[in-house]
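Line order of the protein sequences matches chains S and A. Heads up: the first sequence begins at 1 in the working numbering, then just goes up one per residue. Heads up: the second sequence begins at 1001 in the working numbering, then just goes up one per residue. All residues carry an ideal CB built from backbone N, CA and C; glycine is no exception. Report on the structure given below.
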Amino acid sequence: MTETPMPLWEVFIRARTGLAHRHVGSVHAADAEMALQAARDTYTRRGEGLSIWVVPSTAITASDPADKDMLFEPTASKPYRHPTFYTVPDEVGHM
Amino acid sequence: MYTQALNQADVDPVGTEEATQLARFQARIDAEERIEPNDWMPEGYRRTLIRQISQHAHSEIVGMLPEGNWITRAPSLRRKAALLAKVQDEGGHGLYLYAAAETLGVAREELLDQLLSGRAKYSSIFNYPTLTWADIGAIGWLVDGAAIMNQIPLCRTSYGPYARAMIRICKEESFHQRQGYEIMLTLCRGTPAQKAMAQDALNRWWWPALMMFGPPDAESAHTAQSMRWKIKRFTNDQLRQQFVDATVPQGHYLGLTFPDPELRFDETTGHWRFGPIDWEEFRRVLAGHGPCNRERMEARRRAHDEGAWVREAALAHAAKRRRRAAAQKIAAE
């Protein structure tokens, strides 16, 4: 391949106002403006969104799946962070 | 729209990989966990997926050609708008799938290069010509119908990005099949000549559509591994039978006959039994000797070559704007 690779962009779409943008896939494009246009053609042909974000894929830093236990396991041993850990008598009613 | 089990998974010799990692991987698969891009995976799993997903993507892209042939000649504005939207969907599906394949560490440029240099395969069905308008009906009804049978189980395939792409594709695919069937229905309710055109299209597309599910299970040596990895959920023959059972009554409703003298309903099993498939033809078309293989590849190469200056110009323009923006920033500081 002698051709310069087209930069890769991650695409996020807000389906409705009030919802967060959600990752839907990626596109290749020379710049941000063309990435937006490509994302619009590729991912919103049926009214899937009201807003699009495109982010250069290289700008995303991801956690390593191998660190999953180290990062997330400690929360499993902290049930006192959840409301159901605490006892409230029925007579007190909903709290 | 069209995966075909052309791809024979090459299975890795287990000795080269950590047996414990393999066991852990299989345990995750067995627990119906999805595998995500950065997770550890056996090389064979990665290679099988890259090949399957990219062949699927190539099929979508090449699949735009036989139908594109009829956009300018669609019989009404309604049909033209629908066909244009369908062909645009195929392009979109190709892009979802290339994006999914890229998460496995292969560049889209490399995948395209494999297609254009003839190293990669695509679904054999697109090497048949679209001779009449009825072919557009038959393709939507049969080819997209077969594709849907293949793709619905892929929404639960074990690799996350592939499964997510397939969910989007399946949602969009149903319109394709319905618009095709509607074309067939309209022709079958038209003049005798129009009905004959529909019959002729069914005659030509029926067997190639059955071949879309790939070789029989007995000859598909690696189906077992793909099933173990839950890349595939059903075998080629199971899916083919499901397709025949669903499609034959639809054809009878149209008042058409299937080009298979052995086709009969088996009361005891509730399945439609069909005659032998000409696998020699399948292998011939796959090997590049179908009616349109050369034409399809030439069209793809031409489109790629003629678009080269656009890609170069877009990159040059982006680079120039970046340089200007950087220069302005320095000047402002």
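For the stretch 1145-1166 of chain A, the residues whose beta carbon sits under 9 Å from a beta carbon of chain S are, in order, PRO1161, ARG1164 and ALA1165.
For VAL24 of chain S, no alpha helix (DSSP H) encloses it; the enclosing beta strand (DSSP E) starts and ends at 22-28.
For ASP1260 of chain A, no beta strand (DSSP E) segment is defined, and its DSSP state is neither H nor E. With a 10 Å radius around the Cβ and a threshold of 16 neighbouring Cβ atoms, GLU1067 of chain A comes out buried. Excluding sequence positions up to five before and after HIS1271 of chain A, its CB lies within less than 7 Å of the CB of GLN1241 and ASP1245, all in the same chain and listed in chain order. Nearest C-alpha to ALA66 of chain S among A:GLU1036, A:THR1186, A:ALA1101 and A:HIS1056: A:GLU1036.
Taking 7 Å as the threshold, the shortest C-beta distance from ASN1038 of chain A to chain S falls below it.
Ranking A:ALA1303, A:GLN1199, A:ARG1283 and A:PHE1265 by CA distance to the CA of LEU1254 of chain A puts A:GLN1199 first. The DSSP assignment places complete alpha helix (DSSP H) segments of no fewer than 4 residues inside the stretch 1082-1164 of chain A at 1108-1116, 1134-1138 and 1144-1151, in order along the chain. When Cβ-Cβ separations below 7 Å define contact, THR4 of chain S makes contact with chain A.
When DSSP states are grouped into helix, strand and coil, GLU1333 of chain A belongs to the coil group.
Along the length of the stretch 1227-1269 of chain A, whole beta strand (DSSP E) runs at least 3 residues long occupy 1264-1266, reported in chain order. For ALA1314 of chain A, the chain S residues whose C-beta falls within less than 7 Å of its own C-beta are ALA30 and MET34, listed in chain order. Straight-line spacing of the CA atoms in GLN1021 of chain A and SER57 of chain S works out to 29 Å. The C-beta of GLY25 of chain S comes closer than 7 Å to at least one C-beta of chain A.
Interface annotation, GLU1109 of chain A: in contact with chain S, CB-CB separation under 7 Å.
In its chain, beyond the 5 residues on either side, PHE12 and HIS21 have a beta carbon closer than 7 Å to the beta carbon of TRP53 of chain S.
SER1076 of chain A sits in coil when the DSSP states are folded into three classes, being neither helix nor strand.
At a Cβ-Cβ threshold of 7 Å, VAL27 of chain S and ALA15 of chain S do not count as neighbours. By the C-beta criterion, the stretch 1204-1222 of chain A is judged to be in contact with the stretch 1139-1151 of chain A, since at least 3 inter-stretch pairs fall below 8 Å. For HIS82 of chain S, DSSP assigns no beta-bridge partner whatsoever. For LEU1263 of chain A, the CB contacts under 6 Å within the same chain, skipping 5 residues up- and downstream, are PHE1274 in chain order.
Contact between the stretch 1216-1231 of chain A and the stretch 1046-1055 of chain A is present: three or more C-beta pairs spanning the two stretches fall below 8 Å.
The three-state reading of DSSP puts PHE1274 of chain A in coil, since its state is none of H, G, I, E or B. Using a Cβ-Cβ cut-off of 7 Å, THR42 of chain S counts as an interface residue toward chain A, since at least one Cβ of chain A sits closer than that to its own. DSSP, read as helix, strand or coil, puts ILE1071 of chain A in helix. Under a criterion of Cβ atoms nearer than 9 Å, the residues of chain A adjacent to ARG45 of chain S are, in order, ALA1085, GLN1088, ASP1089, GLY1092 and GLU1172.
Apart from sequence neighbours up to five positions away, the residues of its chain that approach VAL1062 of chain A with a beta-carbon distance below 6 Å are TYR1122, PHE1126 and ARG1296, ordered along the chain. At least one beta carbon of chain A lies nearer than 7 Å to the beta carbon of PRO65 of chain S. CA-to-CA, the gap between GLN1225 of chain A and GLN1026 of chain A works out to about 11 Å. Rounded to the nearest angstrom, the Cβ distance from ARG1108 of chain A to TYR1098 of chain A is 5 Å, consistent with a contact under 8 Å.
Neighbourhood of ALA1318 of chain A in chain S, by CB distance below 7 Å: ALA30 and ASP31, in chain order. Contact between ALA1120 of chain A and SER1054 of chain A is confirmed by a C-beta separation of about 6 Å, below the 8 Å threshold. Neighbours of ALA76 of chain S in chain A, taken as residues at a C-beta separation under 8 Å, are lacking, since the least C-beta distance is about 17 Å. Here LEU1286 of chain A is not near ASN1150 of chain A, since their CB atoms are 7 Å or more apart.
When DSSP reads this structure, SER51 of chain S sits in a beta bridge with S:ARG14.
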